[in-house]
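Following: one structure in structure tokens, then a few remarks.
2 protein chains.
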Amino acid sequence: MFFLKDLPTRQMIEGYVTTLEAGDEDAIETALIMMRDASVLVRRIDQYFQAENLSQLRFLIMIVIDREPERPWLYQGEVAERLDVSKPVLTRAVQSLMDAGLLTVSPDEDDKRWKRLSLSPDGTKRLHALLPGYFQLISDFMADRKGG
Amino acid sequence: MFFLKDLPTRQMIEGYVTTLEAGDEDAIETALIMMRDASVLVRRIDQYFQAENLSQLRFLIMIVIDREPERPWLYQGEVAERLDVSKPVLTRAVQSLMDAGLLTVSPDEDDKRWKRLSLSPDGTKRLHALLPGYFQLISDFMADRKGG
DNA sequence: ACCTATTAGTTATCATGCTAACAATAGGAG
DNA sequence: CTCCTATTGTTAGCATGATAACTAATAGGT
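Here the protein sequences come in this chain order: A and B.
The first sequence stops at residue 151 when you use the numbering used here, and every number in between is there.
The second sequence stops at residue 151 when you use the numbering used here, and every number in between is there.
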């Protein structure tokens, strides 16, 4: 996360650092704005999901499973490939989705190390119910950002 | 933070959500890219600071104090105003900076609730030593991002 | 002077990210 | 078959974000 409300001005960056090449100050300013905006947006998204006893990560897990409708399940490792989180975090999130009844987990018969993950009917319903609000929230945020 | 490696395509967003106005899909895609980029950058920055037994938050606390050189100290509440974190998080970060000898803390004489925060000579030295690498890291990230 | 409300900061507890170390399974060489 | 290695996922423990409830100090009205 990034928490600085008043970003460093370009002059300040120049004052602090003399080894930068020309134009770098603009890129840095863009990056700082990006981190701050992303922090605020992520916080809002997390609030959105928290009210539903979910999190952005658990939601994204459901998305990657749902968006391959021709597959009856994804292996946990495949989900991991599509996301970018550590293994223990995935373990914990999958467990909590299962506890909530949104995800169905079964061991693979050929290789008992692998876990098959599918959305339960409830999970699919829940995901699709959350999607409009999710995208609307993001869309509104971006509109505010341009405006204000 | 945001972890999806393959972002939803515009078609997919349209397929999921029918209530959006025209043009919203682009804004959403921009937002998803922004969150993913910011996540990656924040992770790199945290690694940079972790190697120094610091964190981005502790670093930002030092910056907001350092960038008002005409003031002999900032009150903890003033630091809180300039950042966007909860009070307990600030308490903990200030404590850890003090333990590390980078921050000098003293109570105000007029109002004993207030805490005066100043950088120690070591803190100032440390901050200025970290700044070039910090801005360079950000600058490099932005260059990579455009290129690749 | 005293009672109450407000303010600054802390403590307790939870959520969720991480790495390191582990168990269980599978596969291949001898 | 047995042993060594690789792979999948889990457990344990840490860091750092949050909120709720607390303490201590101050301010203000009676």
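Every residue gets a Cβ at the ideal spot worked out from N, C-alpha and C, and that includes glycine.
Under 8 Å by Cβ, that's how I've got B:MET37 and A:MET4 pegged, so tell me the actual separation to the nearest angstrom.
Rounded, the Cβ-Cβ distance is 14 Å, inconsistent with contact.
Roughly how many angstroms lie between the CA atoms of A:PHE144 and B:THR12, to the nearest whole one?
19 Å
In the DSSP assignment, find the unbroken alpha helix (DSSP H) run with A:ARG95 in it and report its ends.
90-102
Would you mind sorting A:GLY18 into buried or exposed? The rule is 16 or more other CB atoms within 10 Å of its CB.
exposed
What is the rounded straight-line gap between the Cα of A:THR107 and the Cα of B:SER142?
Distance between the alpha carbons of A:THR107 and B:SER142: 44 Å.
Per-residue DSSP class, three states only, for B:SER58
Coil at B:SER58, not helix or strand.
DSSP bridge partner residues for A:VAL108 (one or two, in chain order)
A:LEU120, per the DSSP bridge assignment.
Report back the beta-carbon spacing between B:VAL92 and A:LEU134 to the nearest angstrom; my notes put them in contact at under 8 Å.
Not a contact, Cβ separation roughly 32 Å.
Among the residues of its own chain, which have a CB less than 8 Å from the CB of B:ASN56, if the five just before and after it don't count?
ALA103
Quick check: the Cα distance between A:HIS131 and B:LYS128, rounded to an integer number of angstroms?
53 Å
What in chain A is Cβ-close to B:VAL82, meaning under 7 Å?
The contacting residues do not exist; B:VAL82 stays about 11 Å from chain A at best.
State the CB to CB distance for the pair B:PHE62 and A:ASP87, rounded to an integer number of angstroms; the pair is presumed to be in contact (CB under 8 Å).
Incorrect: roughly 24 Å between the Cβ atoms, too far for contact.
Can you find a C-beta in chain B that's less than 8 Å from the C-beta of A:ALA41?
Interface annotation, A:ALA41: in contact with chain B, CB-CB separation under 8 Å.
Put B:LEU35 into one of helix, strand or coil per three-state DSSP.
helix
If the criterion is Cβ atoms closer than 8 Å, does the pair B:PRO72 and B:SER121 meet it?
no
Is the beta carbon of B:ALA96 closer than 8 Å to that of B:ILE64?
Annotated as proximal: B:ILE64 and B:ALA96, with beta-carbon spacing under 8 Å.
Bridge partners for A:LEU44 per DSSP, in chain order?
The partner list for A:LEU44 (beta bridge, DSSP) is empty, contrary to what the question assumes.
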